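Quick note on numbering: the sequence shown equals residues 1 to 259 in this note's numbering. We put the CB at the ideal spot given by N, CA and C, even for glycine. Quick caveat: nothing in here was measured; it's all calculated off a predicted structure.
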Amino acid sequence: MQTVLFHSTIYGPVKSRRLGVSLGINLMPNDGKLCSFDCLYCEAGFNAQGPGHEGIPSRESVKRQLSKKLKAMSQAGEPLDVITFSGNGEPTLHPHFKEVVHDVLMLRDRYYPQAKVSVLSNATMVGRPGVAEALNKVDNNILKLDSAIPATLRALNRPVSANVLPEGIIADIKQFAGQCVVQTMMLRGSYEGHVIDNTTPAEVDALIEAYRQMAPRQVMLYSIDRPTPATELKTVPREELQPIADRIAEATGLTVTVS
């Protein structure tokens, strides 16, 4: 079974196809996975591998490690476009997420003031005031919505809580109208005999309505470009994604990009 990719709290920098030269921050365990979703396509593998034994890094540890890394990169003259919260699960699950964001912004301003701070989140925790407050302070608040149809979201993203439904996610994301980026993974395939395809006209129609309600500053459409734990998923080629993006942009007036 595919397992965790990130074996340290600070990793990279890596070249991101969407964000540029990115230094990653993994707020979840280095030897396990902890997430409120269990997505079929997650590059860190399924939640079944367990949370490991090392636990979640402390605020102090994240600050110390990031400061050391940024100082070394700055002294070496290395470029940096973005500091990205990602990793082995949902970063906003960290109990001191707001405080960690404060520390990261302070260190960014000290060493790489031109760099952006991005958070990749599945949006399940944005109803928490501290999380929302922190996300309002970062440069790129990138939130996931892969389907606005409950059955598809549950089959594709497999939320841990039965209470997580598209309408709740959409309602929570609306608080960031005009400021956040909504990211949608487009794919098709099957898992355990069930067909999954969020590129159908009905799926796109539902997404269009959701995007209208959320009113993000940008919509990002993308597809699989790495191995996935569910092996029967298929990449949607760019030549198919672009017409979908064009349709969404025309219907909503939003900026829609394909990567």
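*Going by C-alpha distance, which of I142, A206 and K68 is nearest P91?*
Counted from its first residue, the sequence shown places residue 91 at position 91. Checked all of I142, A206 and K68; the closest Cα to P91 is I142.
_Below 8 Å on the Cβ atoms is my contact criterion, and I expect S22 with V104 to pass it. Report the Cβ-Cβ distance as a whole number of Å._
Stepping through the sequence shown from its first residue, residue 22 is reached at position 22. Stepping through the sequence shown from its first residue, residue 104 is reached at position 104. That pair is no contact at about 13 Å.
_On the CB-based measure, 16 or more other CB atoms within 10 Å of its CB, does H94 come out buried or exposed?_
Counted from its first residue, the sequence shown places residue 94 at position 94. Buried, by the Cβ-count rule.
*Should the segment 144-156 be regarded as contacting the segment 191-207, the criterion being three or more beta carbon pairs within less than 8 Å?*
yes
*asked:* What does the Cβ neighbour count give for A115, buried or exposed, with the cut at 16 atoms within 10 Å?
replied: As a position in the sequence shown, residue 115 is number 115, starting the count at 1. When all chains shown are included, A115 counts as buried.
*asked:* Taking 8 Å as the threshold (C-beta atoms), are I196 and L156 in contact?
replied: Within the sequence shown, numbered from 1, the residue matching residue 156 stands at position 156. Within the sequence shown, numbered from 1, the residue matching residue 196 stands at position 196. Taking 8 Å as the Cβ cut-off, L156 and I196 qualify as a contacting pair.
*Neighbourhood of L221 by C-beta, 6 Å cutoff - its chain only, sequence neighbours within 5 removed*: Looking up residue 221 in the sequence shown gives position 221. Once the five neighbours on either side are set aside, the close Cβ partners of L221 are T184, M186, L241, A245 and V258.
_Spatially closest choice to D172 from V160, V219, S161 and N122, by CA coordinates_ = By one-based count along the sequence shown, residue 172 stands at place 172. Considering only alpha carbons, the answer is N122.
*Y111 by DSSP, collapsed to three states: which one?*
On the sequence shown, residue 111 is found 111 positions in, with the first residue counted as 1. Looking at Y111 - three-state DSSP - the assignment turns out to be helix.
_For Y112 and C39, the rounded distance between their alpha carbons_ = For the purposes of this step, residue 39 is identified with residue 39 of the sequence shown, where counting begins at 1. For the purposes of this step, residue 112 is identified with residue 112 of the sequence shown, where counting begins at 1. C39 and Y112: Cα-Cα distance of roughly 33 Å.
_Cβ-based burial, S223 [other Cβ within 10 Å; buried from 16]_ = As a position in the sequence shown, residue 223 is number 223, starting the count at 1. Buried, by the Cβ-count rule.
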